[in-house]
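For what it's worth, this note's numbering labels the leading residue of the first sequence as 63, then goes sequentially. Think of the CB as a built atom: it goes at the ideal place given N, C-alpha and C, for glycine as much as any other residue.
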Amino acid sequence: MPELPEVETIKKQLAAKLIGKKLQGMEIVDVRRRAKLLIIDFGDGSSLIFHLKLTGQLIFNGKPSKYTRKVFNFDDGSHLIFNNVRRFAWWKRVKNTKKIEEKFGPEALTVDLKTFKALLSKRPNSKIKPLLMNQQFIAGIGNIYSDEILFEAGVQPIRLVKTLTEQEIKKLFQSIGRVLKAAIKHQGSSVQHYLDAHGQKGGYVKYHKVYHKEKCSRCGAKITKIKIGGRSAHYCPNCQK
DNA sequence: CCGAAGACCTGCTGGC
DNA sequence: TGCCAGCAGGTCTTCG
């Protein structure tokens with residue numbers, strides 16, 4: 063599932079519910095997101111880290127199903143269920159999150175243009191889509207939002223970084239912020255499995271411009287679907303150069 | 001350095 | 001109805 067907007071949605075919802083509660087006697091002091099990780103911090107400095115991969119779900123006071131792999135019970139009688147259909151998702155308890163967090167590049171939502179340009183200049187021969195999805199390069203963007211960001215920017219996913227003009231890089235940077243913020247506003251995209259922390263679907267799918275689309279909403283051309291780096295990529299051959 | 005391919009899992013859809 | 005190929009919001013490792 064989840065890319066940055068989905069994990070961000072879950073984070074906000076869980077922060078509102080969990081901060082101040084106790085889990086096995088330990089007080090929850092913060093709920094955060096780093097890249098696509100959801101992190102619950104305790105008063106003693108330790109944390110629970112979750113990666114939902116494609117089919118993980120975290121639902122507050124959810125009803126357990128056959129895919130529920132773990133239930134966390136809080137001191138006030140409320141609980142959090144961890145669902146994991148394809149068993150790719152994982153969670154673990156760590157004393158310190160620093161080592162895990164420092165592997166990622168800057169957050170896609172807050173990186174500044176200067177840093178973004180500097181990072182791009184180090185990877186001239188990369189194709190832009192796989193690079194946007196590389197968490198060590200920039201953290202938080204996955205398959206859906208890389209397609210949507212590239213459409214918004216008018217750049218084809220197979221373009222090499224060194225061929226991008228100054229103008230295109232600036233547009234790309236702006237598109238990252240715009241697309242991710244709009245998706246967060248609509249609680250993310252529910253394509254198959256994604257549900258937020260209240261078990262609700264995200265509403266951003268109806269705003270998708272290219273991901274899993276047949277025709278371009280802007281010009282009507284047939285959307286091209288190709289494989290890049292083992293993932294599906296969708297783009298408009300007319301609107302994206 | 002770069003990315004293709006396969007691995008990790010399970011369920012759903014569409015075609016025959 | 002039944003079977004099977006193909007596909008799915010992610011990441012890791014191996015290999016060329």
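DSSP beta-bridge partners of residue i
i: G118; result: N146
i: V93; result: I102
i: S279; result: Looking at the DSSP assignment, S279 forms no beta bridge with any residue, so it has no partner.
i: K84; result: E89
i: S251; result: G265
i: L222; result: K189
Integer Cβ distance of residue i from residue j, believed to fall under 8 Å
i: F248; j: Y273; result: Phe is not the amino acid found at residue 248; the sequence shown has His there. With a Cβ gap of about 14 Å, H248 and Y273 do not count as contacting.
i: F122; j: L99; result: That belief does not hold up - the Cβ atoms of F122 and L99 are roughly 18 Å apart, past 8 Å.
i: Y256; j: P64; result: 6 Å
i: L226; j: F199; result: With 8 Å as the limit, L226 and F199 do not qualify as a contact, their Cβ atoms being about 14 Å apart.
i: A244; j: K233; result: Their Cβ separation, rounded to whole angstroms, is 16 Å, which puts A244 and K233 out of contact at 8 Å.
Residue environment, residue i, which counts as buried when at least 16 other CB atoms sit within 10 Å
i: R148; result: exposed
i: C281; result: exposed
i: D209; result: buried
i: T172; result: exposed
i: I101; result: buried
i: A295; result: buried
i: F150; result: exposed
i: D138; result: exposed
i: E164; result: exposed
i: P186; result: exposed
Limits of the unbroken alpha helix (DSSP H) element including residue i
i: A244; result: 228-247
i: L66; result: 66-80
Delimiting residues of the beta strand (DSSP E) encompassing residue i
i: K287; result: 286-290
i: A295; result: 293-297
i: I111; result: 109-113
Residue ranges of each alpha helix (DSSP H) within the region 124-169, 4 or longer: Within the region 124-169, the complete alpha helix (DSSP H) runs of at least 4 residues fall at 160-163.
What are the start and end residues of each continuous alpha helix (DSSP H) run of 4 or more residues lying completely inside the region 174-215, in chain order? Entirely contained in the region 174-215, the alpha helix (DSSP H) runs reaching 4 residues are, in chain order, 175-183, 190-195, 205-215.
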